[in-house]
Amino acid sequence: MSDLTLDQITDLPLDLCVGGKVVPASDGGRFDVLDPATGRVLASVADGTVDDAMAAVDAAAAAADAWAAAPPRERSEVLRRAFELMRERGEELAFLISLENGKALTDARGEVAYAAEFFRWYAEEAVRAGGEVTTAPSGANKILVLRQPVGVCVLVTPWNFPAAMATRKIGPALAAGCTVVLKPASDTPLTALLMARILEDAGVPPGVVNVLPARRSGAVVSAMLHDPRVRKLSFTGSTEVGRVLLREAADQVVNCSMELGGNAPFLVLDDADLDAAVDGAMIAKMRNGGEACTAANRFYVHADVADEFSRRLAERMAALRVGPGTHDDTEVGPLVNEESAAKVAELVDGAVADGARVVTGGSRPDREGFYYEPTVLLDVPRTSGILGEEIFGPVAPVVTFTDEDEAVAMANDTEYGLVSYVYTRDLARGLRVSERLDSGMVGLNRGVVSDPAAPFGGTKQSGVGREGGHEGMLDYLESKYVAVTW
Ligand code: NAD
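Quick note on UniProt numbering: the sequence shown kicks off at 1 and runs consecutively.
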């Protein structure tokens with residue numbers, strides 16, 4: 001169990017962080033943050049209003065010119081200090097993440113390490129924004145391309161990775177010279193508020209990063225998107241909300257990056273190394289307790305190896321220790337809230353009604369909190385609803401196939417296209433299949449793809465744009481073309 005308690009994090013703001021100040025909501029409103037392990041209240045946080053959102057945009061706009069003009073090296077060093085402070089305060093951050101999100105401390109520690117890397121990576125990228133000079137084909141002039149910050153950005157993040165989804169946006173935005181208003185998910189605002197403190201301690205000037213918890217997220221984000229000073233929206237969350245925000249952003253033609261839902265297929269071909277495939281399946285399915293957009297959602301396993309793969313997977317899933325995330329021996333924590341646990345139960349019950357067989361798990365344990373048992377389902381009919389929806393929980397539905405083309409067709413038969421996984425001992429075959437999988441990312445004999453140095457993102461209704469890597473910063477830069485003769 002973590003040695004920490006919430007009271008020990010003495011400088012954790014529980015109000016809005018706007019313009020370098022910690023302020024209550026303009027109408028005094030607050031909302032409760034719950035502990036998913038018990039359902040009880042953990043803390044009460046200021047509930048930002050539309051007026052507060054406008055004050056945050058004012059602060060970000062006021063800070064924009066100076067931050068854009070700051071030497072890239074200065075921006076880089078601030079990000080580097082933020083990376084170091086995140087590592088120094090890693091246990092506190094991991095504890096907060098585990099407490100408000102429910103994930104196991106090991107997952108939370110992994111998230112902090114991953115999240116901090118975005119600050120290190122973009123500290124390095126900040127001094128390499130680049131540009132281009134070419135000669136026009138006619139020879140009449142030069143084509144000079146400058147990279148300039150897009151301006152004030154609105155960042156909206158989900159609850160499943162409260163630190164990493166914030167740093168994946170704040171890192172490149174600050175490196176590019178943009179200022180931001182971050183609206184964290186209402187289930188997990190505490191981590192973002194501690195991040196605001198860490199960024200301030202790292203030397204981020206007032207107004208450059210504003211953090212605005214708000215339960216009325218629709219009204220607050222919509223108001224910001226209708227303000228002409230806001231030039232970019234970077235959203236991570238569900239496809240459903242992403243669609244709404246794309247429409248909202250249309251009014252002021254706001255530049256949008258969208259990291260949306262997923263429905264990842266996990267293919268085990270007949271020649272797969274089964275030890276590696278089961279290890280990969282455990283990571284792809286159970287990292288974050290199954291609450292990841294990259295979570296393997298559908299397992300397509302060749303009939304020749306399906307029995308053995310499923311037996312081993314079920315054994316591993318059944319052995320996982322379920323409990324409060326903040327307990328050191330916990331491997332799987334509760335889901336984030338009651339709706340999530342109820343949705344997982346509904347999907348599993350639906351699959352069973354369709355004819356699927358429960359090999360392990362299959363119900364909510366009899367205890368307080370928002371738990372669901374690690375579950376493996378076999379003989380899942382190809383038409384079952386569970387294969388069409390993001391499960392977002394610790395459930396692995398297995399479908400068998402006999403033909404590679406059939407497996408690829410089933411894998412691609414979804415409106416989502418975030419990530420796919422494929423296991424085979426034949427690298428050339430794996431690369432051929434990877435090319436045919438309609439997703440922005442592929443794990444080839446790898447159960448995890450996330451890497452701050454790589455372009456993360458999806459095709460189809462999984463989103464628009466890429467976060468991470470060199471490409472991640474381009475999303476926060478405008479290319480300005482200057483035609484010049486010399
Ligand atoms: P969500 O769409 O419900 O909420 C995401 C954020 O949007 C939250 O901050 C929420 O408060 C806010 N929001 C909700 N309704 C809004 C509205 N009408 N206007 C403006 N903001 C609104 O998603 P979630 O439940 O927090 O997160 C889970 C989803 O996020 C899953 O679909 C998952 O796949 C996706 N996700 C995607 C990625 C990725 O990189 N592609 C990463 C993590 C999570």
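A virtual CB, placed ideally from N, CA and C, is assigned to each residue, including glycine. Note that the structure is a prediction, hence the values are computed from the model and not measured.
Non-local beta-carbon contacts of Lys103 in its own chain, meaning distances under 8 Å to residues more than five positions away in sequence, involve Ile97, Glu111, Asn288, Gly289, Glu291, Gly325, Gly333 in chain order. By the Cβ test, the stretch 163-177 is in contact with the stretch 195-210, since at least three Cβ pairs between them sit closer than 8 Å. Here Ala108 carries a helix assignment [DSSP, helix/strand/coil]. Annotation for Lys103: no alpha helix (DSSP H) segment contains it, and DSSP assigns it neither H nor E.
In the structure shown, the three-state DSSP call for Gly430 is helix.
DSSP, reduced to helix, strand and coil, places His327 outside both helices and strands of the structure shown, so it counts as coil. Gly469 has its Cβ no nearer than 8 Å to any heavy atom of ligand 1. Inclusion of Phe456 in the 8 Å shell around ligand 1 follows from its C-beta lying nearer than that to a non-hydrogen atom of the ligand. Relative to ligand 1, the beta carbon of Cys293 is positioned inside 8 Å of a heavy atom. For a cut-off of 8 Å, the C-beta gap from Leu85 to Asp201 is around 6 Å, short enough to register as a contact.
Look at the stretch 11-93 and you find these whole runs of beta strand (DSSP E), each 3 residues long or longer: 16-18, 21-23, 30-34, 41-46. Here Glu390 has Gly261, Gly262, Asn263, Asn297 as same chain residues with Cβ atoms under 7 Å from its own Cβ, once five neighbours each way along the sequence are excluded. For Arg367, the closest C-alpha among the options Asp279, Val344, Val422, Gly323 is that of Gly323. Between the C-alpha atoms of Arg432 and Val244 there is a straight-line separation of about 36 Å.
Under the three-pair Cβ rule at 8 Å, the stretch 43-53 counts as touching the stretch 1-21. By the C-beta criterion, the stretch 349-360 is judged to be in contact with the stretch 309-323, since at least 3 inter-stretch pairs fall below 8 Å. Where Phe235 is concerned, there is no enclosing alpha helix (DSSP H), although the beta strand (DSSP E) around it starts and stops at 230-236. Scanning Phe456, Ala69, Trp486 for the CA closest to the CA of Phe118 turns up Phe456. The DSSP assignment places 189-201 as complete runs of the alpha helix (DSSP H) inside the stretch 177-207, in order along the chain (cut-off: 4 residues).
Contact between the stretch 388-403 and the stretch 343-351 is present, with at least three C-beta pairs closer than 8 Å. Rounded to the nearest angstrom, the gap between the Cα atoms of Ala37 and Glu339 is 14 Å.
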